[in-house]
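Heads up, the thing below is written out as structure tokens.
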Amino acid sequence: DEMDVDEKQKEIDETAQDTKAAIEKIVNVRLSAAQPKNVPTQSSDSKFIKYKPSQQSAAFNSGAKERIIRMVEMPVDPLEPPKFKHKRVPKASGSPPVPVMHSPPRPVTVKDQQDWKIPPCISNWKNPKGYTIPLDKRLAADGRGLQDVQINDNFAKLSEALYVAEQKAREAVAVRSKVQKEMMMKEKEKKELELKELARKARSERTG
Numbered sequence: 001d002e003m004d005v006d007e008k009q010k011e012i013d014e015t016a017q018d019t020k021a022a023i024e025k026i027v028n029v030r031l032s033a034a035q036p037k038n039v040p041t042q043s044s045d046s047k048f049i050k051y052k053p054s055q056q057s058a059a060f061n062s063g064a065k066e067r068i069i070r071m072v073e074m075p076v077d078p079l080e081p082p083k084f085k086h087k088r089v090p091k092a093s094g095s096p097p098v099p100v101m102h103s104p105p106r107p108v109t110v111k112d113q114q115d116w117k118i119p120p121c122i123s124n125w126k127n128p129k130g131y132t133i134p135l136d137k138r139l140a141a142d143g144r145g146l147q148d149v150q151i152n153d154n155f156a157k158l159s160e161a162l163y164v165a166e167q168k169a170r171e172a173v174a175v176r177s178k179v180q181k182e183m184m185m186k187e188k189e190k191k192e193l194e195l196k197e198l199a200r201k202a203r204s205e206r207t208g
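Structure representation (structure tokens):
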């Protein structure tokens with residue numbers, strides 16, 4: 001019975017140790033994730049160096065023949081930005097580059113050279129360099145002769161409709177001017193009759 005109790009106690013202790021180690025591992029991972037990384041560590045060790053000055057005189061170095069210097073590492077601010085920038089090296093490709101297959105070079109024939117001759121583009125409006133181009137060449141380069149010209153019937157209908165509308169407008173203007181002239185003539189005749197009547201009345205009053 002005592003042996004069984006000892007074995008059980010031993011097993012309990014081993015399980016407790018394993019559990020403690022697992023929990024400590026998890027806690028350390030969490031703590032390391034929460035703490036800043038790449039913090040420069042500073043050593044608190046100091047070194048003492050003894051040296052002898054080159055000028056051995058009473059007027060120099062306070063007359064001392066040797067000195068002892070204490071060297072301490074300069075404190076570093078952990079929040080200071082890094083002084084050196086790390087350049088990321090591009091990852092090398094695992095497979096070799098794909099070879100580019102080219103056809104064997106062939107000599108250029110005269111026909112190929114003539115086909116590759118492209119005439120310069122000359123504007124019909126601007127010619128700052130003063131190129132002289134024949135008219136037939138200019139029209140050929142324009143490329144308008146290559147297109148089939150198709151005239152729509154609506155152009156004829158439009159021109160005819162415009163002609164008819166113009167004739168009607170002219171007739172309307174002529175009729176309007178004629179009516180206006182007749183009205184002016186009638187008005188003039190009416191005024192003349194009124195003036196004649198007034199003159200007749202004036203003469204009759206004088207004689208009477």
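According to the UniProt record's numbering, the sequence shown holds residues 1 to 208 in order.
Here a beta-carbon is modelled for each residue, glycine too, at the ideal position from N, C-alpha and C.
The structure presented is a predicted model; accordingly, all values stated were derived computationally and were not measured.
Under the three-state DSSP convention, the category residue i falls into
i, result
"Ile122", "coil"
"Ile133", "coil"
"Met71", "strand"
"Val89", "coil"
"Arg30", "helix"
"Gln9", "helix"
"Gln17", "helix"
"Ala64", "coil"
"Glu24", "helix"
"Leu79", "coil"
"Asp142", "helix"
"Met3", "helix"
Inter-residue spacing [alpha-carbon to alpha-carbon] between residue i and residue j
i, j, result
"Ala184", "Ala174", "One detail in the question is off: residue 184 reads as Met in this sequence, not Ala. Met184 and Ala174: Cα-Cα distance of roughly 15 Å."
"His102", "Lys111", "23 Å"
"Ala156", "Gln150", "13 Å"
"Val89", "Pro105", "39 Å"
"Val100", "Gly94", "18 Å"
"Gln114", "Tyr163", "53 Å"
"Asn124", "Arg176", "49 Å"
"Glu7", "Ala22", "22 Å"
"Arg203", "Lys188", "23 Å"
"Ser46", "Pro75", "12 Å"
"Glu160", "Gln167", "11 Å"
"Glu14", "Asn28", "21 Å"
"Ala16", "Lys10", "10 Å"
"Leu139", "Pro97", "51 Å"
"residue 237", "Thr207", "For the chain, the structure presents residues 1 to 208; residue 237 sits outside this window and is missing."
"Ile26", "Asp18", "12 Å"
"Arg70", "Ile49", "6 Å"
"Lys196", "Leu158", "57 Å"
"Tyr131", "Val108", "30 Å"
"Gln180", "Lys186", "10 Å"
"Arg200", "Glu182", "27 Å"
"Trp116", "Asp136", "21 Å"
"Glu205", "Lys190", "23 Å"
"Pro81", "Arg30", "25 Å"
First and last residue of the uninterrupted alpha helix (DSSP H) at residue i
i, result
"Ser204", "Asp153 to Thr207"
"Gln113", "Val110 to Asp115"
Extent of the continuous beta strand (DSSP E) to which residue i belongs
i, result
"Ser50", "With the sequence shown as reference, residue 50 is identified as Lys, and Ser is not the correct amino acid for it. It spans Ser46 to Tyr51 - the beta strand (DSSP E) in which Lys50 sits, taken as one unbroken run."
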